[in-house]
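**Q** In the UniProt record's numbering, the protein residues as written are 1 to 578.
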Amino acid sequence: MKKTVADQFAEVLALAGVKRIYGVVGDSLNALSEALRKRGDIEWVSMRNEEAAAFAAGAEAHLTGQLAVCAGSCGPGNLHLINGLYDCHRSRAPVLAIAAQIPSSELGTGYFQETHPESLFRECSHYCELVSAANQMQRTSEIAIRNAVGKRGVSVVVLPGDVALQKAEDARAPTPESLAMSPSQVTPSAEQVQQMAALLNSGARVTLLCGAGCEGAGPQVVELARKLQAPVVSALRGKEFVEKDNPHFVGLTGLIGYASGYWAMIDCDVLLMLGTDFPYRQFYPDTADTHIIQVDLRAENIGKRTRVDLGVVGSVAATVQALLPRIEAKKDTKHLERALAHYRKTREELDGLGRGSVGRKPIHPPQVARAFDLQASDSAIFTCDVGLPTVWAARYATMKGQRRLVGSFNHGSMASALAQAIGAQKAFPDRQVISFSGDGGFTMLMGDFISLVQLELPIKVVVFNNSSLGFVAMEQQVGGMLDVGTGLRNPNFAALAEAVGIKGLRVEDPGDVDAAVQQALATPGPVLVDAVVSKAELVMPPKITVAMAAGFTLFGVKALLNGRTNEVLELARTNLWR
Numbered sequence: 001m002k003k004t005v006a007d008q009f010a011e012v013l014a015l016a017g018v019k020r021i022y023g024v025v026g027d028s029l030n031a032l033s034e035a036l037r038k039r040g041d042i043e044w045v046s047m048r049n050e051e052a053a054a055f056a057a058g059a060e061a062h063l064t065g066q067l068a069v070c071a072g073s074c075g076p077g078n079l080h081l082i083n084g085l086y087d088c089h090r091s092r093a094p095v096l097a098i099a100a101q102i103p104s105s106e107l108g109t110g111y112f113q114e115t116h117p118e119s120l121f122r123e124c125s126h127y128c129e130l131v132s133a134a135n136q137m138q139r140t141s142e143i144a145i146r147n148a149v150g151k152r153g154v155s156v157v158v159l160p161g162d163v164a165l166q167k168a169e170d171a172r173a174p175t176p177e178s179l180a181m182s183p184s185q186v187t188p189s190a191e192q193v194q195q196m197a198a199l200l201n202s203g204a205r206v207t208l209l210c211g212a213g214c215e216g217a218g219p220q221v222v223e224l225a226r227k228l229q230a231p232v233v234s235a236l237r238g239k240e241f242v243e244k245d246n247p248h249f250v251g252l253t254g255l256i257g258y259a260s261g262y263w264a265m266i267d268c269d270v271l272l273m274l275g276t277d278f279p280y281r282q283f284y285p286d287t288a289d290t291h292i293i294q295v296d297l298r299a300e301n302i303g304k305r306t307r308v309d310l311g312v313v314g315s316v317a318a319t320v321q322a323l324l325p326r327i328e329a330k331k332d333t334k335h336l337e338r339a340l341a342h343y344r345k346t347r348e349e350l351d352g353l354g355r356g357s358v359g360r361k362p363i364h365p366p367q368v369a370r371a372f373d374l375q376a377s378d379s380a381i382f383t384c385d386v387g388l389p390t391v392w393a394a395r396y397a398t399m400k401g402q403r404r405l406v407g408s409f410n411h412g413s414m415a416s417a418l419a420q421a422i423g424a425q426k427a428f429p430d431r432q433v434i435s436f437s438g439d440g441g442f443t444m445l446m447g448d449f450i451s452l453v454q455l456e457l458p459i460k461v462v463v464f465n466n467s468s469l470g471f472v473a474m475e476q477q478v479g480g481m482l483d484v485g486t487g488l489r490n491p492n493f494a495a496l497a498e499a500v501g502i503k504g505l506r507v508e509d510p511g512d513v514d515a516a517v518q519q520a521l522a523t524p525g526p527v528l529v530d531a532v533v534s535k536a537e538l539v540m541p542p543k544i545t546v547a548m549a550a551g552f553t554l555f556g557v558k559a560l561l562n563g564r565t566n567e568v569l570e571l572a573r574t575n576l577w578r
C-alpha cells in the first residue's frame, strides 16, 4: 500500500511528540483522518466548532509547553479557526494549525468553498505556507513545527485534499530531537548585569513587576525580592508563576488588579519589570524620580509601554541568576512591610466580598469563585472567560501547589474558557479542571458543551449567570452611558445540562453555594453549576479617575431620568449596602 502525503505528515507530527489533533472532520481532511486512524498513536479529538478546537490546542500548548495541533477543513472549516489562532499566537502558545484546501487544480477559479488561508492566517502566525506538491510536505511540516516551537506561536500548513492523497516522496525522517527546539536561556552581558545591580542597589524602595516571562523563574524571583526587600506585583499572565510560595507577593495591578499592587508600583524608587508586556500605561509610575528597568527576551517589547532607564534583553531566570551575586542585601523593610500590610487589608476586603448570607439574594459572584478556590485541589487548572469571570479568577483563584490559570488574557476573546478547559483536561486527565464561564461566553460556543459527554471529560463548568454582558455594561456606565444591548435572556442552564446528559446544579441562594460547589467537585464526570448572580456587582479598579466617577454619576442621572430607577437602586444595594 502506498505511503501518502498525509501519512508522511502524520509521521512527522508523531516524531514531534504530538498526541492529539483537535478539529472537525471534512472531506478535504479525509486523507489525514485516515492516516491517523491507521497509525493509532495520534488521537483525533472531535469538536463541534473549529474555533473551540484552536482554543483547546492553545490551552494544551500553554500548559505543557509542547506543540499542540488543530485542524479545519477547506473554506469555512478552517476560517472558524482564526479567532482561536489569534489567541494562541498572542499568548505565544506553540500551535500548528492544519488548514485543508480545495482541490489544487481548482485554485483561482472561485470554486466551492475556495479561500486563501496562506493569506488569511498570515497575521496570526510565524509561518503560513501552502503545500502544492508532494515533494514539499516533509520539509514544510518540519519548518512549520520548528517555527511554532522555536518562536512560540502559531504555524499554519495549508494542504489541498488531493495533494494529501498523493504518493509521498521518499525523504529521510527527522529525529525527535531535531523537532523539539527547547527554549534557550539568554543571559545579558556582564556590563548590563552590573548596570542593573547599580540601579537596584541605589534605590531605597524597589518593586518587581512580573509577567508571563517569569515562567520557570519563580524561585529566582523570590530570592531577588528577599535580597531587595521588594514587594512583587504581577500582571495577570504572571500570576500563576509568581504568586505561589512567595511571601513578597502583593497582588495584581491593572484594571482588575488590587490597590496594593497598584500603589507598590507607583510609590517606589526603582521598578524592575521582569518578562512583562503589561499594556496599560496609566498604571505605571510617571515621575522622573522613579527609575525603570525592563528585562525581556524580546527586544521589541522594551520601552513599548512606558519609558525605561535601562533595557535588558535576556531570559528572566538566567538574568536574575546572574544578577543575584551583585545585589547588596537591603536592611530597610519599610517599603515591603507597607506593601504587605496594604495587601493583607485588600485581601481581607476581597474575601469579605466573597461571603454570603442565607436568604440574602442575589448571590455575589465573588462568593462562588471563592468557594471553588477554597474547595478545589492544589493541582486544579482554572480557565476563565474574558470580562467579569477573568476578574473573579484573578482575585479569587489562588495559585498554590501545581495550580494553573488559563484565559484569553492578551487577545481578550469571549467564549474561550470552556474550550480551553477541554484542552487542559485532555492534556491532564487526572487533574481537576474548572471553567469560570460567563453566560455570554458560554452560550457563544455552547455547542462544545456537548463535547464533554462525547469525550467523557469531567470538567466542572461554572456559569456566572447574571443575564448580562456584565463587564460591557460596566464599561458603558463608566462612560456615563446607559447600558445598551447587554441584556441576556438566559435559559435554566442546569436544566439544559441535564438535557444533554450532564449533571446540572442551579444555585440561587447564597446559603447553598458551598454545598453546591462541594457536590460539583465530588461528582464523577462533567458538572455544570448555574450560579444565578447579581448583575450589578461593581469591579472597582485600584485607580479611580475623575472621569470614571463622573461617568457613574452621569449614568445614575440618565437612568433616573429615563425611568430606570430600579437599576440605580440595585447598583446601590449590591455595592453599598452589603
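All C-beta atoms, glycine included, are put in the ideal place defined by N, C-alpha and C.
Quick check: the Cα distance between ALA16 and SER91, rounded to an integer number of angstroms?
**A** If you take the alpha carbons of ALA16 and SER91, they lie about 21 Å apart.
**Q** Rounded to whole angstroms, what is the Cα-Cα separation between GLU240 and TYR86?
**A** Rounded to the nearest angstrom, the two C-alpha atoms are 22 Å apart.
**Q** When you compare only the Cα positions, how much space is there between ASP286 and THR390?
**A** About 27 Å.
**Q** Whole angstroms is fine: what's the gap from MET265's alpha carbon to HIS342's?
**A** The alpha-carbon atoms of MET265 and HIS342 are separated by roughly 13 Å.
**Q** By the three-class DSSP mapping on this structure, what secondary structure does GLU114 have?
**A** Here GLU114 sits in coil by DSSP.
**Q** According to DSSP, is ILE450 helix, strand or coil?
**A** Three-state result, ILE450: coil.
**Q** Once the 5 residues before and after ARG205 are set aside, which same chain residues still bring their CB inside 6 Å of it?
**A** The answer, listed in chain order, is CYS268, ASP269 and HIS335.
**Q** Could you say which of GLN282, THR306, LEU224 and ARG172 lies nearest to ILE327 if we only look at CA atoms?
**A** Cα-wise, what sits closest to ILE327 is LEU224.
**Q** Residues bridged to ASN435 by DSSP?
**A** Correcting the residue identity first, residue 435 is Ser in this sequence and not Asn. THR383 and VAL461.
**Q** Just the Cα atoms here: how many angstroms apart are ASP7 and LEU165?
**A** Cα to Cα, the separation comes out at about 9 Å.
**Q** Please report how far the alpha carbon of ARG564 lies from the alpha carbon of LEU482, in whole angstroms.
**A** Because the pLDDT of ARG564 is 41, which lies under 50, any placement of that residue in the model is unreliable, and the number read from its coordinates should be weighed accordingly. Cα to Cα, ARG564 sits roughly 9 Å from LEU482.
**Q** Between GLN518 and the rest of its own chain, which residues show a CB-CB distance below 7 Å, the 5 nearest in sequence each way excluded?
**A** Around GLN518: GLN375.
**Q** Taking C-beta to C-beta, are residue 579 and ASN83 nearer than 7 Å?
**A** Because the chain is modelled from 1 through 578, residue 579 falls outside the range shown and cannot be assessed.
**Q** State the CB to CB distance for the pair CYS88 and ALA56, rounded to an integer number of angstroms; the pair is presumed to be in contact (CB under 8 Å).
**A** With 8 Å as the limit, CYS88 and ALA56 do not qualify as a contact, their Cβ atoms being about 10 Å apart.
**Q** Report the residue ranges of all beta strand (DSSP E) runs contained in full by the stretch 8-86; include only those spanning at least 3 residues, in chain order.
**A** As far as the stretch 8-86 is concerned, its whole beta strand (DSSP E) runs of at least 3 residues are 20-23, 43-46 and 68-72.
**Q** Name the DSSP bridge partner or partners of LEU274?
**A** Looking at the DSSP assignment, LEU274 forms a beta bridge with CYS210 and VAL295.
**Q** At what residue ranges does the stretch 467-520 contain a whole run of the alpha helix (DSSP H), taking only runs of 4 or more?
**A** The qualifying runs are 470-478 and 493-499.
**Q** If you draw a straight line from the C-alpha of SER182 to the C-alpha of PHE9, how long is it?
**A** For SER182 and PHE9, the distance between alpha carbons rounds to 22 Å.
**Q** Where in the stretch 280-326 do unbroken runs of the alpha helix (DSSP H), each at least 4 residues long, occur, reported from the N-terminal end onward?
**A** DSSP runs (the alpha helix (DSSP H)) wholly in the stretch 280-326: 316-323.
**Q** Ends of the beta strand (DSSP E) at ILE98?
**A** Segment 95-101, the beta strand (DSSP E) holding ILE98.
**Q** Can GLN321 and GLN220 be called in contact, C-beta distance under 7 Å?
**A** Yes, the Cβ-Cβ distance between GLN321 and GLN220 is below 7 Å.
**Q** Is the beta carbon of VAL462 closer than 7 Å to that of VAL529?
**A** Yes, these two residues count as a Cβ contact at 7 Å.
**Q** Report the CB separation of PRO362 from VAL533 in whole angstroms; it is logged as a contact under 8 Å.
**A** At roughly 6 Å, the Cβ-Cβ gap stays under 8 Å, so PRO362 and VAL533 are in contact.
**Q** What residue from PRO94, HIS80, ILE98 and ASN78 has the CA that sits closest to THR64's CA?
**A** Ranking the options by Cα distance to THR64, first place goes to PRO94.
**Q** Measuring straight from C-alpha to C-alpha, what distance separates ASP448 and GLY387?
**A** In a straight line, the C-alpha of ASP448 is about 20 Å away from that of GLY387.
**Q** Using the Cα positions of SER315 and ILE381, report the straight-line distance between them to the nearest angstrom.
**A** Going from the Cα of SER315 to the Cα of ILE381 covers about 26 Å.
**Q** Does the stretch 198-218 touch the stretch 273-280, meaning 3 or more C-beta pairs lie closer than 8 Å?
**A** The stretch 273-280 is in contact with the stretch 198-218.
**Q** Who are the near neighbours of SER73 in its chain, counting only those whose CB is closer than 6 Å to its CB and skipping five residues on each side?
**A** Cβ neighbours of SER73 beyond the five flanking positions: GLY26, SER28, LEU29 and ALA100.
**Q** Check for me: the alpha helix (DSSP H) holding PRO389 runs from which residue to which?
**A** Here the alpha helix (DSSP H) through PRO389 covers 388-396.
**Q** Please check the pair PRO160 and ILE98, which I expect to be a contact at CB under 8 Å, by giving their CB distance rounded to whole angstroms.
**A** Not a contact, Cβ separation roughly 12 Å.
**Q** Can you give the Cα-Cα distance for PHE493 and GLY438, rounded to whole angstroms?
**A** Whole-angstrom Cα-Cα distance: 12 Å.
**Q** Cβ atoms of LEU81 and GLU123: under 7 Å apart, would you say?
**A** Contact: no.
**Q** I need the DSSP call for PHE249, collapsed to helix, strand or coil.
**A** Note: PHE249 maps to strand in three-state DSSP.
**Q** Here's a check: name, in chain order, each residue in its chain whose Cβ is nearer than 6 Å to the Cβ of PRO422, leaving out the five neighbours to either side.
**A** Note that residue 422 corresponds to Ile in the displayed sequence, not to Pro. Contacts found: ALA56.
**Q** Grouping DSSP H, G and I as helix and E and B as strand, with all else coil, what is residue 590?
**A** Residue 590 lies beyond the residue range present for the chain, which begins at 1 and ends at 578; the question has no answer from this structure.
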